[in-house]
Amino acid sequence: MTPSVSGFLLQKELDYLDGAISKPVTPMAAIVGGSKVSSKITVLEALIKKCDKVIIGGGMVFTFLKARGLETGSSLVEDDQLELAKKLEVIAKEKGIDFILPTDVIVADKFAADAATQTVSVSEIPEGWMGLDNGPESTKMIQDKLSDCKTVIWNGPMGVFEFEAFAKGTFDIADTLAELTGSGCTTIIGGGDSVAAVEKAGLAE
């Protein structure tokens, strides 16, 4: 069997990442999405130390919302991570970081491509409904928050982009990052789902 070793391309990527994160051009934002807080704890704790803005998306939003005392319907919530969610918000506040959660979400009556949907404020999620994407108000707010950023790290989608009805939040952020990259912002996209979303949106270049 031919031996396999890390090569110069991987070294170049590691150098690039290290430079972008350890000596970032600011303002620097992190967009952290995906389904679970538990799978992103290390990422969140590391980024809160480095970033000016942290934007939360995906299913983990609802753990943070519940930690704030809001009703989350049948949305995905990790009850064993509620105290951690509260702690992360406190740390962000103490460090003066803009910690951003959606203000509206698209909810569905079931986890399916053909589910009934409605857009609601995060304070008015109906019983039995689950949040599956950011709402339009949230997307616009996130776009505004990113507009002055010089470095953006994105790890994890905004919603269940595999279903067309819940893809807009993720694809709109991909569009925004493509525009920012074109105007000189350094954008780093990591995590299989985020990369898949950018490729599906036709924005990999």
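For the sequence shown, counting from 1, position 93 maps to 93 in this note's numbering; every step adds exactly one. Heads up, the beta-carbon is just placed ideally off N, CA and C, and yes, glycines get one too. Computed from a prediction, not measured in an experiment: that's the story for all the values here.
Subject >> Gly135 versus Glu71, Asp52, Val122, residue with shortest Cα-Cα distance >> reply: Comparing Cα-Cα distances from Gly135 to each of Glu71, Asp52, Val122, the minimum goes to Val122.
Original post:
Do Trp125 and Gly69 have their C-beta atoms within less than 7 Å of each other?
Top reply: For the record, residue 125 in the displayed sequence is Ile; it is not Trp. No, the pair does not count as a contact, with Cβ atoms beyond the cut-off.
**OP:** Apply the 10 Å Cβ neighbour rule to Ser35 and answer buried if 16 or more other Cβ atoms are within range, or exposed otherwise.
**Re:** That one is buried.
**OP:** Return helix, strand or coil for Ala178, following the three-state DSSP convention.
**Re:** Residue state, collapsed to three classes: helix.
Original post:
By a C-beta neighbour count over all protein chains shown, 10 Å radius and 16 as the cutoff for buried, is Glu94 buried or exposed?
Top reply: Flag for Glu94 reads exposed.
Original post:
Leaving out five residues before and five after Glu127 in sequence, what residues of the same chain have Cβ atoms less than 7 Å from its Cβ?
Top reply: Answer for Glu127: Gly73, listed in chain order.
Subject >> Proximity to Glu78 [Cα-Cα], best of Glu89, Leu88, Lys66 >> reply: Of the candidates Glu89, Leu88, Lys66, the one whose C-alpha sits nearest the C-alpha of Glu78 is Lys66.
Original post:
What is the DSSP secondary structure of Ser121, reduced to helix, strand or coil?
Top reply: Three-state result, Ser121: strand.
Subject >> Neighbourhood of Ser138 by C-beta distance below 6 Å, restricted to the same chain and skipping five residues each side >> reply: In chain order, Pro102, Thr103, Asp104 place their CB closer than 6 Å to the CB of Ser138, counting only its own chain and leaving out the 5 sequence neighbours on each side.
Original post:
Under the rule that 16 or more other beta-carbon atoms within 10 Å means buried, what is Ile41, buried or exposed?
Top reply: Taking every protein chain shown into account, the CB of Ile41 has fewer than 16 other CB atoms within 10 angstroms, so this residue is exposed.
**OP:** Look at Val54 and Ala85 and say whether their C-beta atoms are less than 7 Å apart.
**Re:** Going by C-beta atoms, Val54 is not nearer than 7 Å to Ala85.
Original post:
Which whole-angstrom value is the C-beta distance of Gly58 and Pro157, which I expect to be below 8 Å?
Top reply: Contact flag correct, Cβ pair sits at about 6 Å.
Original post:
Which same chain residues, not among the five before or five after Ile153, have their C-beta less than 6 Å away from its C-beta?
Top reply: Around Ile153: Ala30, Ile188.
Original post:
Unbroken alpha helix (DSSP H) runs of length 4 or more, entirely within the region 20-76: which are they?
Top reply: Entirely contained in the region 20-76, the alpha helix (DSSP H) runs reaching 4 residues are, in chain order, 41-48, 61-67.
Original post:
By how many angstroms is the C-alpha of Asn155 removed from the C-alpha of Leu47?
Top reply: Whole-angstrom Cα-Cα distance: 11 Å.
Original post:
The alpha helix (DSSP H) with Ile91 in it runs from where to where?
Top reply: Run containing Ile91: 82-94, per the alpha helix (DSSP H) assignment.
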